[in-house]
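Q: What follows is a single structure, and I will ask about it in a moment.
There are 2 protein chains.
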Amino acid sequence: MGPAGGAQGPDGAVRRARGRGRTTASMADVARLAGVSSQTVSRVSNGYAGVNEETRQQVLAAMKELGYRPNSAARALKRGEFRTIGVITFTLSTTGNVRTLEAIATSAAAEGYAVTLLPVAVPTTDEVRGAFSRLEELAVDAVIVIMEVHLLDAATVTLPPHVQVVVVDSDAGSHYTVVDTDQSGGTRTAVQHLLDLGHLTVYHLAGPEDSFAAQRRADAWRGALTDAGRPTPPVVRGDWSAESGYHAGLELAAQEDCTAVFAANDQMALGLLRALHERGRRVPEDVSVIGFDDIPEAGSFLPPLTTLHQDFAEVGRLCVQAVLRKMRRDGPQRGTTLVPTRLVLRDSTAPPPGGGRRES
Amino acid sequence: MGPAGGAQGPDGAVRRARGRGRTTASMADVARLAGVSSQTVSRVSNGYAGVNEETRQQVLAAMKELGYRPNSAARALKRGEFRTIGVITFTLSTTGNVRTLEAIATSAAAEGYAVTLLPVAVPTTDEVRGAFSRLEELAVDAVIVIMEVHLLDAATVTLPPHVQVVVVDSDAGSHYTVVDTDQSGGTRTAVQHLLDLGHLTVYHLAGPEDSFAAQRRADAWRGALTDAGRPTPPVVRGDWSAESGYHAGLELAAQEDCTAVFAANDQMALGLLRALHERGRRVPEDVSVIGFDDIPEAGSFLPPLTTLHQDFAEVGRLCVQAVLRKMRRDGPQRGTTLVPTRLVLRDSTAPPPGGGRRES
DNA sequence: GTGGCTGATGTTTGCGTAAACATCGTGGCG
DNA sequence: CGCCACGATGTTTACGCAAACATCAGCCAC
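Written out as structure tokens, the structure reads:
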């Protein structure tokens with residue numbers, strides 16, 4: 027029937043792909059077996075209407091028999107998109123980043139997108155710039171950046187023009203689309219909780235200075251105290267680690283008037299608990315401690331930690347939504363989306379030793 | 027000169043890629059600007075010898091001017107490989123998986139490979155099979171599975187024939203290439219440490235039954251005790267979480283003769299510490315506790331936890347090495363590689379209350 | 001000087017897919 | 001009866017790159 031030339035392979039059988047010696051069925055193979063053109067296979071493969079049901083079944087049967095899988099490289103080349111989202115992270119050692127990443131991967135999968143991980147070894151501007159530069163030849167359609175974004179200074183880092191970017195943990199909402207936990211609201215909830223218990227003021231065990239999240243938690247803490255007309259004790263700083271929390275805790279334990287501490291994350295709160303314990307200051311009887319994150323272990327600290335729950339899953343979900351919206355050019359291109367926190371009451375907070383105003 | 031048709035764009039300028047409206051320079055654009063053929067551009071791009079230095083410089087200049095980036099889809103289609111490693115994980119909620127993943131990503135990047143994350147929502151055989159099936163149309167050359175591998179039962183899961191697989195945390199060394207921490211050796215070190223301190227026997231707070239790692243730690247614990255001629259107390263089980271460790275700890279605290287506990291991971295050890303504390307059993311004076319993993323917080327527990335350090339970075343590195351070796355068809359295709367652990371002595375272990383044999 | 005060799009470069013081709021366009025039969029309708 | 005619309009399917013083409021092959025100049029040896 028058909029003309030002599032054309033797609034007929036050397037032996038009419040499934041072709042042996044070059045390179046790895048693997049065997050792969052292409053659309054042409056399926057088409058041959060089903061007795062249709064490869065275009066019809068393509069239509070079936072992509073679920074287009076306008077294919078006779080009978081033909082469809084034949085094609086599907088042929089696909090199954092040959093174990094046909096669309097070749098994503100060819101598809102990407104043709105369509106000009108990869109169905110892949112890149113995620114740039116500096117570190118996976120913080121709970122938040124990991125949980126966010128996991129949520130991103132899950133949400134992306136639900137949308138039919140894969141996730142490619144782009145680790146940046148050292149968070150220097152150069153490294154980040156390098157990552158963004160490499161990005162352009164990477165097979166991604168969009169990028170989500172989970173990082174302190176001082177490094178994303180628009181002046182020095184050139185973003186690939188066609189790649190959509192969403193950022194977590196930044197205040198660069200005017201330049202990028204940002205999704206983040208409501209650091210400020212959460213912090214104010216924490217401080218207010220302690221003030222309501224009767225504490226005269228609240229100390230702050232802050233995260234590192236170069237972190238936006240830490241900065242905003244510190245700012246909100248200061249704001250909450252100021253609004254309530256309370257004095258603001260000096261800030262003690264850690265680097266997010268439990269170890270640094272311990273050292274900071276030794277300092278705080280020495281402060282006689284310190285009856286309440288807001289730790290910028292749970293890990294530091296853990297170290298703080300140990301320091302207070304060592305120095306004989308009981309929690310919560312002598313000192314109340316509140317954390318931030320609600321890591322899974324927080325309920326097993328000594329004592330179980332009252333903390334602010336971050337909904338990382340939601341953050342991840344919104345990141346994916348936002349980046350897909352940007353790609354599809356609908357919805358707002360910029361601005362910040364905040365995910366609320368939730369106060370989780372456990373056993374590390376109580377009224378101050380003298381007995382403050384009781385609520386119940 | 028050339029025939030009328032051909033690569034000449036509508037206006038001889040950088041083409042506007044369809045789909046996203048983005049602007050991309052192709053090899054042809056670079057070639058036109060540099061006044062060479064696209065093949066020469068390809069040679070320069072791939073660093074082949076046999077290109078005149080002067081020509082090379084011209085091409086490089088043209089590349090730079092146009093901001094040329096090779097299109098990875100086209101490259102993958104042509105070469106038949108993606109330079110991408112897929113990583114299948116069930117959960118990122120355990121430290122080990124995350125740290126391993128991070129190491130894999132870093133090592134892969136160093137080898138010029140990207141990492142695509144393939145989360146499996148629920149660890150059922152069906153889900154895993156689905157993941158492996160989807161895999162074939164995913165843009166990966168090889169796969170690393172970070173998972174309890176009961177689910178990788180060869181009878182039910184068909185692995186894509188051309189995709190190389192390396193598995194973490196499994197005893198399926200005869201079927202797959204496996205890289206793992208030396209669970210057994212680590213466990214024996216832990217048990218021996220406690221016996222050396224003078225404890226008559228060691229209780230075991232085990233991980234979930236369906237985990238290979240947990241199983242092997244339990245087996246090694248039993249073996250070590252048996253070899254030393256000590257009785258083996260009944261196993262208490264948790265699910266890796268601190269919460270489960272707490273509940274198990276309440277049980278253990280009730281055992282009068284329990285002076286030493288080997289917890290299968292640090293999180294459970296944390297919960298155990300809390301339970302012991304609540305029940306008035308001091309650590310390490312009354313009960314010694316040893317963990318497994320050496321998570322960053324372990325040094326900040328109350329008391330700081332003696333534990334076995336796992337070198338996740340090395341595990342990740344070896345995974346990448348192994349999978350690349352498999353792809354390149356050199357080196358052993360199967361077998362198990364073990365990464366040794368290291369005992370980290372902190373404050374949670376001591377001789378038993380009665381005072382055992384002292385070492386120093 | 002002629003043939004063959006080497007190094008540098010150009011030309012052709014095809015990877016697997018899917019958009020755009022072409023074809024072909026069928027059935028409705030003036 | 002003839003024309004057109006329409007649904008179903010086939011054919012052509014191009015996505016960007018790189019292997020394979022072709023070309024071509026310069027040079028050496030005999």
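Protein chains in written order, with our numbering: chain P, 27 to 386; chain D, 27 to 386. All C-beta atoms, glycine included, are put in the ideal place defined by N, C-alpha and C. None of the values given here were measured: they were computed from a predicted structure.
Alpha carbon to alpha carbon, how far is A254 of chain P from A286 of chain P?
A: If I take the Cα positions, the gap works out to 15 Å.
Q: Taking its Cβ as the centre, do 16 or more other Cβ atoms sit within 10 Å of A87 of chain D, making it buried, or is it exposed?
A: Exposed, because fewer than 16 other Cβ atoms sit within 10 Å of the Cβ of A87 of chain D.
Q: Starting from V192 of chain D, trace the beta strand (DSSP E) in both directions and tell me its first and last residue.
A: V192 of chain D -> beta strand (DSSP E) spans 190–194.
Q: My understanding is that T387 of chain D touches A165 of chain D, with C-beta atoms under 8 Å, so please give their C-beta distance in whole angstroms.
A: Residue coverage of chain D in this structure runs from 27 to 386, which leaves residue 387 of chain D outside it and unanswerable.
Q: Considering only C-alpha positions, which residue in the set P:V313, P:R372, P:P145 is nearest to G325 of chain P?
A: Out of P:V313, P:R372, P:P145, P:R372 has the C-alpha closest to the C-alpha of G325 of chain P.
Q: Just the chain D side, please: which residues come within less than 7 Å of A98 of chain P by C-beta, in chain order?
A: Before going further, note that residue 98 of chain P is Ser rather than Ala in the sequence given. Result: E163, L164, A165.
Q: Which same chain residues end up closer than 6 Å to G233 of chain P when comparing Cβ atoms and leaving out the 5 residues on each side of it in sequence?
A: Closer than 6 Å at the Cβ level, and outside the excluded window around G233 of chain P, lie A240, W266, A290.
Q: Quick one: Cα of D245 of chain P to Cα of D319 of chain D, how far?
A: For D245 of chain P and D319 of chain D, the distance between alpha carbons rounds to 36 Å.
Q: Is the beta carbon of H219 of chain P closer than 8 Å to that of L331 of chain P?
A: Their beta carbons are not under 8 Å apart, which means L331 of chain P does not touch H219 of chain P by this criterion.
Q: By the DSSP assignment, the beta strand (DSSP E) with T126 of chain D in it spans what residues?
A: No beta strand (DSSP E) holds T126 of chain D; the alpha helix (DSSP H) holding it covers 121–136.
Q: Note down, in chain order, every chain P residue with its Cβ under 8 Å from the Cβ of R351 of chain D.
A: By Cβ distance, chain P contributes nothing, its closest Cβ being about 14 Å from R351 of chain D, past 8 Å.
Q: State the Cα-Cα distance for the pair D222 of chain P and D312 of chain P, rounded to the nearest angstrom.
A: Their backbone Cα atoms lie some 16 Å apart in a straight line.
Q: When the Cα atoms are used, what is the spatial distance from G297 of chain D to E277 of chain D?
A: Their backbone Cα atoms lie some 12 Å apart in a straight line.
Q: Could you please tell me which residues of the segment 269–284 of chain D, in chain order, have their CB closer than 9 Å to any CB of chain P?
A: Within the segment 269–284 of chain D, the qualifying residues are E269, G271, Y272.
Q: Could you tell me whether the Cβ of Q23 of chain D comes closer than 8 Å to any Cβ of chain P?
A: Only positions 27 to 386 of chain D appear in the structure, and residue 23 of chain D is not among them; the question remains open.
Q: So, do the segment 130–148 of chain P and the segment 132–143 of chain D have three or more beta carbon pairs nearer to each other than 8 Å?
A: The segment 130–148 of chain P, when compared against the segment 132–143 of chain D, does touch it at the 8 Å Cβ threshold.
Q: So what's S237 of chain P in DSSP terms, helix, strand or just coil?
A: Coil.
Q: On a CA-only basis, which of D:V349, D:A99, D:F288 is nearest G317 of chain D? Give me that one, please.
A: For the residues D:V349, D:A99, D:F288, the minimum Cα distance to G317 of chain D belongs to D:F288.
Q: Does DSSP put D319 of chain P in a helix, a strand or coil?
A: In the structure shown, D319 of chain P sits in a strand (DSSP, three-state: E or B).
Q: When we look at the beta-carbon of Y74 of chain D and count the other beta-carbons within 10 Å, is it buried (16 or more) or exposed?
A: The residue is exposed, with fewer than 16 neighbouring Cβ atoms inside 10 Å.
Q: Okay, do the segment 75–83 of chain D and the segment 128–141 of chain D touch, 3+ Cβ pairs below 8 Å being the bar?
A: Touching, no, given that fewer than three Cβ pairs across the two stretches are closer than 8 Å.
Q: According to the Cβ coordinates, are L364 of chain P and A99 of chain D closer than 8 Å?
A: No, these two residues do not count as a Cβ contact at 8 Å.
Q: Please compile the residues from chain D whose C-beta is within a distance smaller than 7 Å of the C-beta of V124 of chain P.
A: In chain order: L118, V124.
Q: Taking L299 of chain D and L328 of chain D to be in contact with their CB atoms under 8 Å, please state how far apart those CB atoms are, rounded to whole angstroms.
A: Contact holds; Cβ gap of about 6 Å.
Q: So is V70 of chain D buried or exposed if we call it buried at 16+ other beta carbons inside 10 Å?
A: V70 of chain D is buried by the Cβ-count criterion.
Q: Is the Cβ-Cβ distance between R334 of chain P and T215 of chain P less than 8 Å?
A: The question names Arg, but residue 334 of chain P in the sequence shown is Leu. Cβ atoms of L334 of chain P and T215 of chain P: closer than 8 Å.
Q: Starting from the beta carbon of E323 of chain D, find every residue of chain P whose beta carbon is closer than 7 Å, and list them in chain order.
A: Those are A268, Q293, L296, listed as they occur along chain P.
Q: Can you have a look at K90 of chain P and say buried or exposed, based on whether 16 or more other CB atoms are within 10 angstroms of its CB?
A: Label assigned to K90 of chain P: exposed.
Q: Evaluate R48 of chain D with the Cβ neighbour count: other Cβ atoms within 10 Å of its Cβ, from every protein chain shown; 16 or more gives buried, anything less gives exposed.
A: For R48 of chain D, the pLDDT reaches just 44, beneath the cut-off of 50, and the residue's location in the model is therefore unreliable, leaving the point undetermined.
Q: For a contact meaning CB atoms closer than 7 Å, what does R95 of chain P contact in chain D?
A: Chain D residues near R95 of chain P: E162, E163.
Q: Going by C-alpha distance, which of D:H201, D:Y272, D:D195 is nearest L231 of chain D?
A: That would be D:Y272, whose Cα lies nearest to the Cα of L231 of chain D.
Q: With DSSP run on the structure shown, which of helix, strand or coil describes K222 of chain D?
A: The displayed chain sequence assigns Asp, not Lys, to residue 222 of chain D. Of the three classes helix, strand and coil, the one that applies to D222 of chain D here is helix, per DSSP.
Q: Can you name the residues of chain P whose CB is closer than 7 Å to the CB of R300 of chain D?
A: Residues of chain P passing the Cβ test: S326, L328.
Q: Do P96 of chain D and D208 of chain D come within 8 Å of each other at the CB atom, strictly closer than that value?
A: Not closer than 8 Å, so no.
Q: Just reading off the alpha helix (DSSP H) that R368 of chain D is part of, what are its end residues?
A: Per DSSP, R368 of chain D belongs to no alpha helix (DSSP H); it is in the beta strand (DSSP E), 368–370.
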